[in-house]
């Protein structure tokens, strides 16, 4: 098996860290509003796992596709996206069916929020380097 | 009553299927992005790391659109039918 690319590893860790932080915030909101139950935690854990696994698999696909010719790479990415969508559908359906629906769905959008925050940290980093 | 419940369930399933049409777009977009990135890396192999990072983030953003559709479909399949049938039953009971 090919080793995981350093860039993919770094970005996945960044996304995983932010997803966990935002999940903690979400759990605290559930606690404060008095809606917290164990199924909120389990739904949240499943959704965090799904979101991070989806990002990791996307990274692995990109890593593999980068070495190929254009047409192959595009087809590989399209197939991967469909497969990952089905994986997410299955895992999220499981979470909605067994645990709290909101807690099983909301963390799927945390990677997108993490990416929105990314330019702030990049600016800070480049600012300290200068 | 059975007919109304059947129509509700059918419409929910139809809506979920139609929502998933939005899942096609991100796949095509990501495929095109990766193809262009391969071309860019082929021209400038030293930019591989920077291109991969940008592409990863871009693909994740593009995929969110599909995720919205996925969530709508899941809600329509698992949550909406029960609630809509409950509303229908309550309305029928109130009307007698």
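Residue numbers (our numbering), protein chains in the order written: chain A, 1 to 130; chain B, 1 to 96.
In this text, a Cβ means the ideal position worked out from N, Cα and C, and glycines have one as well.
Computed from a predicted structure; not experimentally measured.
With respect to residue 109 of chain A, residue 42 of chain A sits apart: the two C-beta atoms are not nearer than 8 Å.
Of all C-beta pairs linking the stretch 84 to 100 of chain A to the stretch 42 to 50 of chain B, fewer than three are shorter than 8 Å, placing the two stretches out of contact.
Identification of chain B residues near residue 97 of chain A by a Cβ-Cβ cut-off of 9 Å yields 78, ordered along the chain. Under the 8 Å criterion on CB atoms, residue 26 of chain A is classed as non-interfacial with respect to chain B.
Minimum Cα-Cα distance from residue 107 of chain A among the listed residues B:26, B:39, B:19, B:68 corresponds to B:68. Contact of residue 21 of chain A with chain B is not assigned, every C-beta pair being separated by 8 Å or more.
For the stretch 105 to 120 of chain A, the beta-carbon criterion of a distance under 8 Å to any beta-carbon of chain B is satisfied by 105, 108, 109, 111, 112, 115, 118.
Within its own chain, the residues whose Cβ lies closer than 6 Å to the Cβ of residue 76 of chain A, once the five positions on either side in sequence are excluded, are 65, listed in chain order. Counting C-beta pairs with one atom in each stretch, the stretch 44 to 63 of chain A and the stretch 19 to 27 of chain A have three or more that are closer than 8 Å, which means they touch.
Taking 8 Å as the threshold, the shortest C-beta distance from residue 50 of chain A to chain B does not fall below it.
DSSP, reduced to helix, strand and coil, places residue 44 of chain B outside both helices and strands of the structure shown, so it counts as coil.
Per the coordinates, the alpha-carbon of residue 18 of chain B lies some 20 Å from the alpha-carbon of residue 78 of chain A. Residue environment analysis places residue 21 of chain B among the exposed positions, since fewer than 16 neighbouring C-beta atoms fall within 10 angstroms of its C-beta. A distance below 7 Å between beta-carbons, with the five flanking residues on each side excluded, links residue 15 of chain A to the following residues of its chain, in chain order: 52, 55, 111, 114. Residue 19 of chain A and residue 5 of chain A have their alpha carbons spaced roughly 21 Å apart. The Cβ-Cβ distance between residue 55 of chain B and residue 34 of chain B falls below 8 Å.
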